[in-house]
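Participant: Below: one structure in structure tokens.
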Amino acid sequence: MTGTYLGMPSFPRAADASTRDHRLRANLRRATHTIRAKRDRAVAELDDWVQLRAAGAAVKDRTLRHLDHYLVQLEESVTRAGGTVHWAADAAEANRIVTGLVLATGEREVVKVKSMATQETGLNGALAAAGIRAYETDLAELIVQLGDDLPSHILVPAIHRNRAEIRDIFRRRMAEWGLPAPEGLTDRPADLAEAARLHLREKFLRAKVAVSGANFAVAETGTLVVVESEGNGRMCLTLPETLISVVGIEKVVPTWRDLEIFLQLLPRSSTAERMNPYTSMWTGTTDGDGPRAFHLVLLDNGRTDTLADTTGRQALRCIRCSACLNVCPVYERAGGHAYGSPYPGPIGAVLTPQLRGLASPLEESLPYASSLCGACFEACPVAIDIPEVLVHLRERVVEGGTVTLRGTRTVIKPAKRHATERTVMRAAGWAFDHPRVLRRGQRLLARTRGLHPGRLPGPGRAWSDARDLPEVPPESFRDWWARTRGGSGRKGEPS
Amino acid sequence: MSSGPSSGSSRERILGRVRQALADVPPSEQPGEHPVPRDYATQHGEHTHSATVGLLAENLADYRARVHRTEAPGLPALLARLLAERGARRVVVPPALPDGWLATAPVELVRDSPALTARELDSIDSVVTGCALAIAETGTVVLDAGPDQGSRRITLVPDHHLCVVRTDDQVVSSVPQALRRLAPARPLTWISGPSATSDIELERVEGVHGPRTLEVILVAGDPREL
Ligand code: SF4
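Protein chains in written order, with my numbering: chain X, 784 to 1278; chain V, 6 to 231.
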């Protein structure tokens, strides 16, 4: 019923296809450039942005370094406030818990607030298998769900669709899911939004169970926070009788006061607004107001493995603002689907391989889904050094080494040489076809030179020795490519 | 509603993995000890109180809330006018909205109570509430479900929200100042402009699910005695 990330091709192959989709590229380019320009203005309004960013990073580091302490404290506070806390080691367990909770209410329908954690666990599919229908209520998620599609952006999941496509999806599919699209629906955004309003209102008014994620969970007070724009979040969080929130264990922040940092960093970084239209905060349950039962499902699913890597750990600071996507030249061309997970763009390139382990050609290729231009690091409100983590993960791919997988220290072998080569070649082959990406990348590469290995280590070495690729910039990438690709046969395929 | 024995063991497993993953953190380090520099501003710029109220009005309007200003004695007439302009007939109000506010408005009042269903709310034209406070720098009103604000859903389901802010004592400059005054144990709703979406080609459309019209009334003096 909904798309799945399973069996996605590796990044370069997927990107290769999506970059040939001109409509997709045009949609994306317009969107990312628009958000970018607005965001710069919103950030410039705060003269203490640098300090806020440092504080945000430090609070997250404090949390991560003592995550056990804060999780236990969160559990106590939520329980004290009338909520019930569940722990899920992996996606299957989270889905089992949520399904069990829904079935126990006797309901067979849930309304959902946009949540990447439940995308990650594939909750909608698990609910469907148990005979429960999950309705996405964020407008973009609704578009994705009705279109049997996958989200392609953290903030604007249907960014790859234009208005005419959305109108067609609504006309074609709304009736199957409830109220049909109005007669003669046009492609004006206001009309499309109105159609969604009517379609979903019916569901909000009858829903007894809701599933959400959360942007923050405050250990000290047990307060959960959801940041949104449309009010669908508020509908789900306050109208149903039972609320189930699935929250990654990295979403905890120590104190109430810490929210003053993130509520300034997040809206300006993501929607480029001083503040998003709606923020809901709830602490357990309140008599006579909102759900009578509140369940918090704390999700690991690879997060503790990520925590175990002292370089990669910083990826868990991410507050999912999507600023890194909007500045990334590779994302702009490739689109979100190429990353093969709910986490696209630069953050996806470092988070997905860590959450899942370097388990398949997709995960192995993701650390190469970057020009290492450093724009993502500059944009990130919690100062995640994404290029540093990318280089670190590339090293793991080519050299192998010790990683933590489902809690166990494991030595992974270097990726098979041919696989690595193909991966690198494809990523390079794709990038060299896009001179603007490269020019920008080369300019910025100079600033982050220290992050680039002189040559690829391990089995990649022979490859890099033969082609002076990682050397920046004695010979420009484009010149190098012009000189050497002739001998390599078809684009992206080493001979 | 327990999720079975697996949950208990998963708790231990996850906490165990966390502790193992943090082998690099010195055992003597206490959770609060990892330094957090808090040299960011507690407010941006110095403003007189009236400039702060002006900034609030400006930022609210910038996010397409309709902003009105009045002295306390003028509030009932203003509310009556705004409801009439909208053609509102049925208006939901919190349990303890001062009686005088809507005394002159020719509308049917529905008091918020747990017995009121979501469907009933959906047939109501407007809602009138007070607020807990308002934040000037971000153009935000915050509701904390106090007796003059009612339950969270009454400001959500009707399409038109009139929110009264006392400028004498309810306006703060910044997010840090707001958090200091709010009680986390209460359910909180922060509202910055009406419901909006930019999901279709990033074109902003007001109102998908929440009220499409937000009117904020900045009142000088004390309207609680009305
Ligand atoms: S990595 Fe940083 S910029 Fe990217 S989504 Fe996360 S917080 Fe935002």
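Just so you know, even glycine gets a beta-carbon here, dropped at the ideal spot from N, CA and C.
1. Helix, strand or coil for Ala993/X? Go by DSSP, reduced to three states.
2. Helix, strand or coil for Gly905/X per DSSP?
3. Assign Val213/V to buried or exposed, taking buried as 16 or more other Cβ atoms, counted over all protein chains shown, within 10 Å of its Cβ.
4. Am I right that Glu1043/X and Pro181/V are in contact with their C-beta atoms under 8 Å? What's the rounded C-beta distance?
5. When we look at the beta-carbon of Lys1196/X and count the other beta-carbons within 10 Å, is it buried (16 or more) or exposed?
6. Please work out which residues of its chain come closer than 7 Å, Cβ to Cβ, to Arg69/V, disregarding the five sequence neighbours upstream and downstream, and give them in chain order.
7. So that I know if they touch, is there some Cβ in chain X lying closer than 8 Å to that of Ala62/V?
8. Any idea if Arg94/V is buried or exposed, counting beta-carbon neighbours within 10 angstroms, 16 or more meaning buried?
9. For a test of your reading of the model: does the CB of Ala1165/X fall under 7 Å from any non-hydrogen atom of the ligand SF4? Yes or no.
10. For Arg1051/X, verify whether its CB is less than 7 Å away from any heavy atom of the ligand SF4.
11. Please work out which residues of its chain come closer than 8 Å, Cβ to Cβ, to Gln175/V, disregarding the five sequence neighbours upstream and downstream, and give them in chain order.
12. Could you give the distance in angstroms between the alpha-carbon of Thr1185/X and the alpha-carbon of Leu1176/X?
13. Does at least one heavy atom of the ligand SF4 sit under 7 Å from the Cβ of Ile937/X?
14. If I'm right that Lys991/X touches Thr1025/X with Cβ under 8 Å, what's the distance once you round it to whole angstroms?
15. Taking the alpha carbon of Ser178/V as the reference point, which residue from Val97/V, Asp153/V, Val133/V and His52/V has its own alpha carbon closest?
16. Looking at Ser1105/X and the ligand SF4, is the gap between the Cβ and the nearest heavy atom below 7 Å?
17. So, at 8 Å on beta carbons, what are the nonlocal neighbours of Gly914/X in its own chain, with the 5 sequence-adjacent residues on each side left out?
18. Ignore the nearest five residues each way along the sequence and tell me which others in Glu220/V's own chain have a CB closer than 8 Å to its CB.
19. Note down, in chain order, each residue of its chain lying with its Cβ closer than 7 Å to the Cβ of Thr909/X, except the 5 sequence neighbours on either side.
20. Distance, Cα to Cα, Asp1072/X vs Ala190/V?
21. Would you kindly work out how many angstroms separate the C-alpha atoms of Val224/V and Gly79/V, rounded to a whole number?
22. Residues of the stretch 1057-1071 of chain X with a CB closer than 8 Å to any CB of chain V: list them in chain order, please.
23. Going by beta-carbon coordinates alone, are Val1036/X and Ala993/X separated by less than 8 Å?
24. Tell whether a beta-carbon distance below 8 Å holds between Ile1130/X and Cys1107/X.
25. Just to confirm my understanding: we take Asp1041/X, look at its own chain, exclude 5 residues before and 5 after, and list those with CB closer than 7 Å. What are they?
26. Taking Cβ-Cβ distances shorter than 8 Å, what residues in chain V pair up with Asn1015/X?
27. With a cut-off of 8 Å, does the C-beta of Arg1226/X fall near any C-beta of chain V?
28. Counting contacts by CB-CB distance shorter than 8 Å, is Gln902/X in contact with chain V?
29. The stretch 862-881 of chain X: which residues have C-beta closer than 8 Å to a C-beta of chain V, in chain order?
30. Can we say the stretch 125-136 of chain V touches the stretch 95-114 of chain V, given the rule of at least three CB pairs closer than 8 Å?
31. Compare the C-alpha of Ala141/V against each of Leu207/V, Ala62/V and Leu114/V and name the closest.
32. When the Cα atoms are used, what is the spatial distance from Ala976/X to Leu922/X?
33. Taking the alpha-carbon positions, what's the Gln928/X to Asp1083/X distance?
34. Should Cys1111/X be counted as a contact of the ligand SF4 given a C-beta to heavy atom distance under 7 Å?
35. Is the Cβ of Ile1167/X closer than 8 Å to any Cβ of chain V?
36. With DSSP run on the structure shown, which of helix, strand or coil describes Gly1237/X?
Facilitator: Taking the structure as given:
1. Here residue 993/X corresponds to residue number 210 of the first sequence, with the count starting at 1. The answer is strand: DSSP assigns Ala993/X an E or B state.
2. Numbered from 1 along the first sequence, position 122 holds the residue referred to as residue 905/X. Reduced to three states, the DSSP call for Gly905/X is coil.
3. On the second sequence, position 208 is the one that residue 213/V refers to. Taking all protein chains shown into account, Val213/V has 16 or more neighbouring C-beta atoms within 10 Å of its C-beta and is therefore buried.
4. Looking up residue 1043/X in the first sequence gives position 260. Looking up residue 181/V in the second sequence gives position 176. Confirmed, about 4 Å.
5. By 1-based counting over the first sequence, the position of residue 1196/X is 413. When all chains shown are included, Lys1196/X counts as exposed.
6. Taking the second sequence and counting its residues from 1, the one referred to as residue 69/V is at position 64. Scanning its chain for C-beta atoms nearer than 7 Å, with the 5 sequence neighbours on each side dropped, one finds around Arg69/V the residues Gly198, Pro199 and Glu211, in chain order.
7. As a first step, residue 62/V must be located in the second sequence, where it is residue number 57. The beta-carbon of Ala62/V is placed no less than 8 Å from the nearest beta-carbon of chain X.
8. The residue labelled residue 94/V in the question sits at position 89 within the second sequence. Exposed.
9. Within the first sequence, residue 1165/X is the residue found at index 382, counting from 1. Residue identity differs from the one stated: residue 1165/X is Val in this sequence, not Ala. Yes, the Cβ of Val1165/X comes within 7 Å of a heavy atom of the ligand SF4.
10. Along the first sequence, read from residue 1 onward, the residue named residue 1051/X stands at position 268. Arg1051/X Cβ: outside cutoff for every heavy atom of the ligand SF4.
11. On the second sequence, residue 175/V is found 170 positions in, with the first residue counted as 1. If we look at Gln175/V and ignore the five residues flanking it on each side, its Cβ neighbours are Cys136, Ala137, Leu138 and Ala139.
12. Locating residue 1185/X in the first sequence gives position 402, counting from the first residue. Locating residue 1176/X in the first sequence gives position 393, counting from the first residue. The straight-line gap from Cα to Cα measures roughly 12 Å.
13. Locating residue 937/X in the first sequence gives position 154, counting from the first residue. Yes, since a heavy atom of the ligand SF4 falls inside the 7 Å radius drawn around the Cβ of Ile937/X.
14. Residue mapping note: residue 991/X aligns to position 208 of the first sequence, counting from 1. Residue mapping note: residue 1025/X aligns to position 242 of the first sequence, counting from 1. Confirmed, about 7 Å.
15. In the second sequence, residue 178/V corresponds to position 173, counting from 1. Ranked by Cα distance from Ser178/V, the first of Val97/V, Asp153/V, Val133/V and His52/V is His52/V.
16. Here residue 1105/X corresponds to residue number 322 of the first sequence, with the count starting at 1. For Ser1105/X, the distance from the CB to the nearest heavy atom of the ligand SF4 is below 7 Å.
17. As a first step, residue 914/X is located in the first sequence; it is residue number 131 there, counting from the start. Here the set comprises Arg891.
18. The residue given as residue 220/V occupies position 215 in the second sequence. Apart from sequence neighbours up to five positions away, the residues of its chain that approach Glu220/V with a beta-carbon distance below 8 Å are Ala70, Arg71, Val72, His73, Leu87, His165, His166, Leu167 and Cys168, ordered along the chain.
19. As a first step, residue 909/X must be located in the first sequence, where it is residue number 126. Inspection of the sequence shows that residue 909/X is occupied by Ala rather than by Thr. Same-chain partners within the cutoff: Asn878 and Thr882.
20. Taking the first residue of the first sequence as position 1, residue 1072/X is located at position 289. Taking the first residue of the second sequence as position 1, residue 190/V is located at position 185. Rounded to whole angstroms, the separation of the alpha carbons of Ala190/V and Asp1072/X is 13 Å.
21. Taking the first residue of the second sequence as position 1, residue 224/V is located at position 219. Taking the first residue of the second sequence as position 1, residue 79/V is located at position 74. The C-alpha of Val224/V lies about 9 Å from the C-alpha of Gly79/V.
22. Correct list: Arg1057, Met1058, Asn1059, Pro1060, Tyr1061, Thr1062, Ser1063, Met1064, Trp1065, Thr1066, Thr1069 and Gly1071.
23. For the purposes of this step, residue 1036/X is identified with residue 253 of the first sequence, where counting begins at 1. For the purposes of this step, residue 993/X is identified with residue 210 of the first sequence, where counting begins at 1. With contacts defined as CB atoms closer than 8 Å, Val1036/X and Ala993/X fail to qualify as a contacting pair.
24. To locate residue 1130/X, count along the first sequence from 1; it is residue 347. To locate residue 1107/X, count along the first sequence from 1; it is residue 324. Yes, these two residues count as a Cβ contact at 8 Å.
25. Taking the first sequence and counting its residues from 1, one reaches residue 1041/X at position 258. The residues are Val842.
26. Taking the first sequence and counting its residues from 1, the one referred to as residue 1015/X is at position 232. Near Asn1015/X (Cβ distances below 8 Å), the residues of chain V are Val213 and His214.
27. For this step, residue 1226/X is matched to residue 443 along the first sequence. Caution is warranted here: a pLDDT of 45 is assigned to Arg1226/X, below 50, making its placement in the model unreliable, and the coordinate value is therefore given only provisionally. Answer no: the Cβ-Cβ gap between Arg1226/X and chain V never drops below 8 Å.
28. Start at 1 with the first residue of the first sequence, and residue 902/X comes out as number 119. Not one chain V Cβ lies under 8 Å of Gln902/X.
29. Against chain V - using a Cβ distance shorter than 8 Å - the residues of the stretch 862-881 of chain X are Ala864, Thr867, His869, Trp870, Ala871, Ala872, Glu876, Arg879 and Ile880.
30. Result yes; three or more Cβ-Cβ pairs closer than 8 Å.
31. Reading the second sequence from its first residue, position 136 is the one you call residue 141/V. From the listed residues Leu207/V, Ala62/V and Leu114/V, the smallest Cα separation to Ala141/V is found for Ala62/V.
32. Working through the first sequence from its first residue, we reach residue 976/X at position 193. Working through the first sequence from its first residue, we reach residue 922/X at position 139. Distance between the alpha carbons of Ala976/X and Leu922/X: 8 Å.
33. Locating residue 928/X in the first sequence gives position 145, where the first residue counts as 1. Locating residue 1083/X in the first sequence gives position 300, where the first residue counts as 1. Between Gln928/X and Asp1083/X, the C-alpha separation is close to 25 Å.
34. Here residue 1111/X refers to the residue found at position 328 of the first sequence. Checking every heavy atom of the ligand SF4 against the Cβ of Cys1111/X, none is found closer than 7 Å.
35. Within the first sequence, numbered from 1, the residue matching residue 1167/X stands at position 384. By this cut-off, Ile1167/X is not an interface position.
36. Residue numbering aside, residue 1237/X sits at position 454 when the first sequence is read from its first letter. Note that Gly1237/X has pLDDT 37, beneath the 50 cutoff, so the model's placement of it is unreliable and no number is given.
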